[in-house]
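A.B. asks: For the sequence shown, this note's numbering gives the first residue as 59, with consecutive numbering after it. Right, I'll just put the structure down here and ask away after.
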Amino acid sequence: MIRKHEHLPQRDRFAGGLSRRVFWSDQGRDRHFLLGAIFQLLDEEGWRYSTDSGWNEWDIQIYGNFWWSTTLQTVTEYHGGGKCLTRVRLRSRLVTTTIIFNLIALSLLIYRQLNISHVELWSIVPYGLFLLFLWTRARALKSRVAELVDVAAHRAGLQRVSRRGKTAVPTADPEILVAVNVTDPATPRSPG
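As structure tokens, this is what we get:
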């Protein structure tokens, strides 16, 4: 997992769950602006990820650590006049190694319990601790991805919406993402 944290201005931070994010734009900035900023951040920080091929239920799958990956889904509601509400959902997904480790551990626990006449906690407690470890790894990854989404939204000029419907006031002009080699024909060109 990448441990480089970017900090948002205090006014742009909101308490809330890690699984859902909601952003507002008055300038017509939809989910594509957000996804572009997320891709840029993922590349800057060296994250491994996959993008939707058109048949998946997610837009980005982020491979964060040995045990978990996180999927990111986005949808934009268009409210007319350039007003857009973009929703983001984050989900933790087990990776193959997590499934294999759990199947082996559960098989051994069941086999052990079936072959003895009483319940032995010394064999169940370590597995419970392992599950707690897995849960903390999933939460840490989702927390980091949620932070990355918030930073990307800030860079894309989207305002975070709290559960009560309040939006964050932008503290500075957001970075405007402009395609490479695009020129404005109305801009005067200097000679030479």
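The beta carbon of each residue, even a glycine, is placed where N, CA and C say it ideally should be. Predicted model only: the values in this text are computed from it and were never measured.
Over the uninterrupted alpha helix (DSSP H) stretch that includes F124, give me the two end residues.
C.D. replies: Locating residue 124 in the sequence shown gives position 66, counting from the first residue. Taken as a continuous stretch (DSSP letters only), F124 belongs to no alpha helix (DSSP H), as it is neither H nor E.
A.B. asks: For L167, which residues from the same chain have a beta carbon less than 8 Å from its beta carbon, with the 5 sequence-adjacent residues on both sides left out?
C.D. replies: Your numbering for residue 167 matches position 109 in the sequence shown. Closer than 8 Å at the Cβ level, and outside the excluded window around L167, lie S181, I182 and Y185.
A.B. asks: Looking only at DSSP bridge pairs, what is N109 linked to?
C.D. replies: As a first step, residue 109 must be located in the sequence shown, where it is residue number 51. Checking the displayed sequence, the identity of residue 109 turns out to be Thr instead of Asn. T109 is bridged to I118.
A.B. asks: In whole angstroms, what is the alpha-carbon distance linking L99 and T155?
C.D. replies: By 1-based counting over the sequence shown, the position of residue 99 is 41. By 1-based counting over the sequence shown, the position of residue 155 is 97. Rounded to whole angstroms, L99 to T155 spans 27 Å at the Cα level.
A.B. asks: Straight-line CA distance for S77 to E205?
C.D. replies: By 1-based counting over the sequence shown, the position of residue 77 is 19. By 1-based counting over the sequence shown, the position of residue 205 is 147. Approximately 11 Å, taken between the alpha carbons.
A.B. asks: From what residue to what residue does the beta strand (DSSP E) around S220 run?
C.D. replies: By 1-based counting over the sequence shown, the position of residue 220 is 162. No beta strand (DSSP E) holds S220; DSSP gives it neither H nor E.
A.B. asks: When the Cα atoms are used, what is the spatial distance from T144 to W82?
C.D. replies: For the purposes of this step, residue 144 is taken as the residue at position 86 of the sequence shown. For the purposes of this step, residue 82 is taken as the residue at position 24 of the sequence shown. For T144 and W82, the distance between alpha carbons rounds to 6 Å.
A.B. asks: Considering just the uninterrupted stretch of the alpha helix (DSSP H) at S165, what are its terminal residues?
C.D. replies: One-based indexing of the sequence shown puts residue 165 at position 107. That run of the alpha helix (DSSP H) goes T154 to L172.
A.B. asks: Using DSSP with H/G/I as helix, E/B as strand and the rest coil, what is S77?
C.D. replies: For the purposes of this step, residue 77 is taken as the residue at position 19 of the sequence shown. Coil at S77, not helix or strand.
A.B. asks: Would you mind sorting S248 into buried or exposed? The rule is 16 or more other CB atoms within 10 Å of its CB.
C.D. replies: Within the sequence shown, the letter at position 190 stands for residue 248. Per-residue confidence for S248 stands at a pLDDT of 40, beneath the threshold of 50, marking its modelled position as unreliable; the derived number appears in the next sentence. Exposed is the call here.
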